[in-house]
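I have placed the structure first, in the form of structure tokens, so that the comments after it can refer back to it.
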Amino acid sequence: MLNVKNSASAPEIVIVASAFGAQSVRRLGHAAWLDTVADAGAAGFEVRRELFSHEAEASCEALHTLGAAVAARGMWAVYSTPAGLYRDDGTLDAPALAGAYAEADALGARWVKLQLGTFAEQADAATIVRVGAGRRARLVVENGQHEQDGKIARFVALFAALEREGASGALGMTFDTGNWHWSGQAPLDAAAALAPHVEYVHCKSSEGLGARRFPVAPAPDDSLFRSVLDILPRTAPRGIEFPLDERAPAEDARRKVAWLAAA
198 MLNVKNSASA
208 PEIVIVASAF
218 GAQSVRRLGH
228 AAWLDTVADA
238 GAAGFEVRRE
248 LFSHEAEASC
258 EALHTLGAAV
268 AARGMWAVYS
278 TPAGLYRDDG
288 TLDAPALAGA
298 YAEADALGAR
308 WVKLQLGTFA
318 EQADAATIVR
328 VGAGRRARLV
338 VENGQHEQDG
348 KIARFVALFA
358 ALEREGASGA
368 LGMTFDTGNW
378 HWSGQAPLDA
388 AAALAPHVEY
398 VHCKSSEGLG
408 ARRFPVAPAP
418 DDSLFRSVLD
428 ILPRTAPRGI
438 EFPLDERAPA
448 EDARRKVAWL
458 AAA
């Protein structure tokens, strides 16, 4: 089997907590899955704030304990929050950003991931830089499944605004290969337009239509998925955000980590 953690040519692989099922993670906690993730050969584990069953799990003490457990297994963490970087009126949500940074740093995360939210015209780059000063985690925003944060044009406009405001490196992007389908966007077009800004990739496909759409693992012969990966930087870690086989999650995790690293 490919030694994913030590292969210089293979991208690092992350397993997102939700891959084990939202209800299972809420019931058992994130730490219950760490051995499975490490044994699968993953380099990282993504902690999802929305999967905490109690607010106490978001305390600095609890996050520090979880982060230490991740590190003890030779892995690093991503911290994901459903908060949007921009409010519905288009203004930067600085308190949400500061709170996400504080929690991510308590975890010891490499990245802190927010949804884009409703970006309008002004990035407010100076505030982003100020709030992020001295933080350990790197800020990345993700394309979501909604109109406000799932359109290619909004991300193009965001990065253009950051450049105009002299802060082109203030944040990066989490590129979710499957979420574009929810918002009616072409993943290949998105990859071509946004690849220079992509630092982390959420990997999944989807089935169904409209509100009945749901995430699935990309098929081995999914040429669209592979074409998107070919455009995106291979240095960007790839996250497994599709459901793993609940009957044999450990075995499936090992298979999927090796497969995604070689894709």
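The working numbering puts the first residue of the sequence shown at 198, with every later residue one more than the last. We put the beta carbon where it would ideally sit given N, CA and C, even for glycine. Fair warning: this is a prediction, and the values are worked out from it, not measured in the lab.
Enclosing beta strand (DSSP E) for residue i [first to last residue]
i	result
Ala280	Trp273 to Tyr283
Gly369	Gly369 to Asp373
Below-8 Å beta-carbon distance, residue i vs any chain C residue
i	result
Gly347	The displayed structure is made up of one protein chain only, and chain C is not part of it.
As assigned by DSSP and simplified to three states, the class of residue i
i	result
Arg307	coil
Phe249	coil
Leu231	helix
Glu254	helix
Glu209	coil
Gly366	coil
Gly381	coil
Ala460	coil
Ala450	helix
Ala455	helix
Ala237	coil
Span of the alpha helix (DSSP H) around residue i
i	result
Arg351	Ile349 to Arg361
Gln220	Ala219 to Leu225
For residue i, the residue or residues it bridges with in DSSP
i	result
Phe242	Ile212 and Ala274
Leu289	Tyr283
Please specify which runs of the beta strand (DSSP E), each continuous and at least 3 residues long, are wholly inside the region 384-447, giving them in chain order. 395-400, 402-404, 411-413 and 435-437
Runs of beta strand (DSSP E) lying entirely within the region 313-346, each at least 3 residues, in chain order: 335-339
Would you check if there are 3 or more beta carbon pairs closer than 8 Å linking the region 359-369 to the region 321-340? yes
Counting Cβ pairs closer than 8 Å, one from the region 250-263 and one from the region 281-292, do we hit at least three? no
Does the region 293-302 come within contact of the region 224-240, defined as at least 3 CB pairs closer than 8 Å? no
Three or more C-beta pairs below 8 Å linking the region 406-423 and the region 310-322: In this structure the region 406-423 does not touch the region 310-322; the number of beta carbon pairs closer than 8 Å is below three.
Take every Cβ of the region 288-295, pair it with every Cβ of the region 258-272, and state whether three or more of those distances are shorter than 8 Å. no
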